[in-house]
Structure formats: C-alpha cells, structure tokens
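Asker: In the working numbering, the protein residues as written are 4 to 37. Glycine included, each C-beta is placed from N, C-alpha and C at the ideal position. It should be emphasised that the depicted structure is a prediction, and the values quoted were computed from it without experimental measurement.
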C-alpha cells in the first residue's frame with residue numbers, strides 16, 4: 004500500500020483535491036459544472 008504517500012507536494016495535493024471535488028460535484032449536481 005505505498006501508492007499513497009502521506010506527504011504530497013502542495014501542487015499534487017491541490018490537484019488531487021480539485022479532482023475529487025469535480026468528481027463529487029459531477030455525481031451530485033452535473034448541471035452546476037461550468
């Protein structure tokens with residue numbers, strides 16, 4: 004299970020967060036994404 008290191012660089016962590024938020028928004032409110 005070393006595919007997810009504990010400490011990511013800030014840009015990678017931010018990119019992962021944005022991706023997760025987009026995925027979540029796509030599931031909840033697809034019409035809200037512009």
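Would you report the Cα separation of residue 29 and residue 23, rounded to the nearest angstrom?
Answerer: Start at 1 with the first residue of the chain shown, and residue 29 comes out as number 26. Start at 1 with the first residue of the chain shown, and residue 23 comes out as number 20. When rounded, the distance between both Cα atoms is 10 Å.
Asker: Taking the alpha helix (DSSP H) that residue 14 belongs to, which residues open and close that run?
Answerer: Sequence index remark: in the chain shown, residue 14 carries index 11 (1-based). Residues 13-31.
Asker: Sorted by chain position, which residues of the same chain lie with C-beta nearer than 7 Å to residue 35's C-beta, five sequence neighbours on each side aside?
Answerer: Here residue 35 refers to the residue found at position 32 when the chain shown is read from its first residue. Within the same chain, residue 35 has close Cβ partners 28.
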